[in-house]
Amino acid sequence: QQQVKQSPQSLIVQKGGISIINCAYENTAFDYFPWYQQFPGKGPALLIAIRPDVSEKKEGRFTISFNKSAKQFSLHIMDSQPGDSATYFCAAQRGGDYKLSFGAGTTVTVRA
Amino acid sequence: EAGVAQSPRYKIIEKRQSVAFWCNPISGHATLYWYQQILGQGPKLLIQFQNNGVVDDSQLPKDRFSAERLKGVDSTLKIQPAKLEDSAVYLCASTPGTIGELFFGEGSRLTVL
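Chains as they are written, first to last, in my numbering: chain C, 1 to 112; chain B, 1001 to 1113.
What follows is the structure, given as C-alpha cells:
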C-alpha cells in the first residue's frame, strides 16, 4: 500500500511562477520527510528535507511546509525556472531503519 | 567522490529470459538498496542490505527475483524468469548509515518483450 500520497500528478507553470506539490502520510512513526528531484535518465537526488519538529524549511527557491497535525507537507518552488522541469518525489522515513517510502511523483514543466 | 555505479544502463530481453544488474555503491556506504521504478510511479523498495546482510526483502518477489551483496560492497540483482510487468528502471542507492540522504545511481532500464 502507498504510505505517502502525492498530488498533483503533473503541473505546468510559467517561468517565474510558483509550483506547489502536496503530500500526505498516515504513519505517525515517520520522522524525516525529504523531497527528491529526478531528471529524465537520472536517478533521484535529494533536494531538501525536513523533520517534524519544524514547520518550514527554506533553501534558496525551495521551501518545505510541514503540518504535523494534518500529517501533510508540501514543496513550494518559487520563481520557477525552466531548469526546474523535472519529476519531484516526496518521501517519508522512519527513524532508524533508513527505508524511504516514496510518493508517486509530480512532473513539473516550467514554460519559458 | 565517485557516485553509485550501475550496469548495464539498458537491457532488452524476451519474457521468461533472465537478466542481472550490478551495482557498486559509494565507497564506505554500509547500506545498499535496490528500488524498482515503473514508468510514472515512485520508486518501490525491493531489498535493503546492511553490509552484506539483508535488512528488508519483504517486497522482493522471491519466486523470480534474487539479490546478493558480495563482501558488503558490490551487489547484483537477478530476475529469472522475467515477466512483462518487470519492465522498469532498477535503481541502486546507498547511504553511509545516517538517517537521511540516499545516493542513487542512474539506474538500469529493463524492457521485457
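Yeah, the Cβ is synthetic: ideal placement off N, Cα and C, and Gly gets one too. Since we're looking at a predicted model, the values are computed, not measured.
Flag this pair as yes or no: are the beta carbons of residue i and residue j separated by less than 8 Å?
i, j, result
"Ser-1007 (chain B)", "Ser-1108 (chain B)", "yes"
"Ala-91 (chain C)", "Ser-101 (chain C)", "yes"
"Phe-33 (chain C)", "Arg-94 (chain C)", "no"
"Ala-964 (chain B)", "Ile-1013 (chain B)", "As shown, chain B starts at 1001 and ends at 1113. That puts residue 964 (chain B) outside it, with no answer to give."
"Gln-9 (chain C)", "Glu-26 (chain C)", "no"
"Ala-45 (chain C)", "Trp-35 (chain C)", "no"
"Thr-1095 (chain B)", "Phe-1103 (chain B)", "yes"
"Asp-84 (chain C)", "Val-110 (chain C)", "yes"
"Phe-73 (chain C)", "Phe-62 (chain C)", "no"
Taking residue i as the reference, which of the options has the closest Cα?
i, options, result
"Lys-1071 (chain B)", "B:Arg-1064, B:Glu-1106 and B:His-1029", "B:His-1029"
"Gln-6 (chain C)", "C:Lys-57, C:Lys-99 and C:Ile-21", "C:Ile-21"
"Pro-82 (chain C)", "C:Lys-99, C:Ile-50, C:Thr-107 and C:Ala-24", "C:Thr-107"
"Leu-75 (chain C)", "C:Pro-44, C:Thr-28, C:Val-110 and C:Gln-37", "C:Gln-37"
"Phe-89 (chain C)", "C:Lys-57, C:Gly-43, C:Val-110 and C:Ser-55", "C:Gly-43"
"Tyr-1035 (chain B)", "B:Gln-1080, B:Pro-1096, B:Leu-1084 and B:Asp-1056", "B:Asp-1056"
"Val-1004 (chain B)", "B:Asp-1074, B:Ala-1020 and B:Lys-1062", "B:Asp-1074"
"Tyr-1033 (chain B)", "B:Gln-1080, B:Arg-1016 and B:Asn-1051", "B:Asn-1051"
"Asn-1024 (chain B)", "B:Arg-1064, B:Arg-1016 and B:Ala-1093", "B:Ala-1093"
"Lys-68 (chain C)", "C:Gly-16, C:Lys-58 and C:Thr-28", "C:Thr-28"
Please classify residue i as buried or exposed, where buried requires at least 16 neighbouring CB atoms within 10 angstroms.
i, result
"Arg-1069 (chain B)", "buried"
"Ala-114 (chain C)", "In the structure displayed, chain C extends from 1 to 112; residue 114 (chain C) sits before or after that span and is not available."
"Tyr-1010 (chain B)", "exposed"
"Ile-64 (chain C)", "buried"
"Val-1112 (chain B)", "buried"
"Ile-18 (chain C)", "exposed"
"Gln-14 (chain C)", "exposed"
"Leu-1039 (chain B)", "exposed"
"Gln-1048 (chain B)", "buried"
"Ala-1002 (chain B)", "exposed"
"Pro-40 (chain C)", "exposed"
"Gln-1037 (chain B)", "buried"
"Glu-1027 (chain B)", "In the sequence under discussion, the amino acid at residue 1027 (chain B) is Ser, which differs from the Glu named in the question. When all chains shown are included, Ser-1027 (chain B) counts as exposed."
"Gly-60 (chain C)", "exposed"
Mind listing the chain C neighbours of residue i? Cutoff is C-beta to C-beta under 7 Å, in chain order.
i, result
"Pro-1061 (chain B)", "Within 7 Å Cβ-Cβ: nothing; Pro-1061 (chain B) doesn't reach chain C, min ~17 Å."
Residue i touches chain C at which residues, Cβ-Cβ below 9 Å?
i, result
"Gly-1105 (chain B)", "Gly-43"
"Gly-1100 (chain B)", "Tyr-32, Pro-34, Leu-46, Ala-49, Gln-93 and Tyr-98"
Counting only Cβ pairs nearer than 8 Å, list the residues of chain B close to residue i.
i, result
"Phe-89 (chain C)", "Gly-1042 and Pro-1043"
"Leu-75 (chain C)", "Neighbours of Leu-75 (chain C) on chain B: none; closest Cβ ~14 Å, over 8 Å."
"Ala-86 (chain C)", "Going along chain B, no residue has its Cβ under 8 Å from Ala-86 (chain C), so there is no contact; the nearest lies around 14 Å."
Quick one: list the residues of chain B neighbouring residue i, beta-carbon separation under 9 Å, in chain order.
i, result
"Ala-104 (chain C)", "Gly-1040, Gln-1041 and Gly-1042"
For residue i, go through chain C and note every residue whose CB falls closer than 8 Å to its CB, in chain order.
i, result
"Leu-1084 (chain B)", "Under the 8 Å cutoff, chain C gives no residues; its nearest Cβ is about 21 Å from Leu-1084 (chain B)."
"Leu-1091 (chain B)", "Gly-43 and Pro-44"
Open item on the list: Measuring CB atoms only, is the segment 1088-1099 of chain B touching the segment 1036-1049 of chain B, in the sense that at least three cross pairs come out at less than 8 Å?
Closed with: Yes, the segment 1088-1099 of chain B touches the segment 1036-1049 of chain B.
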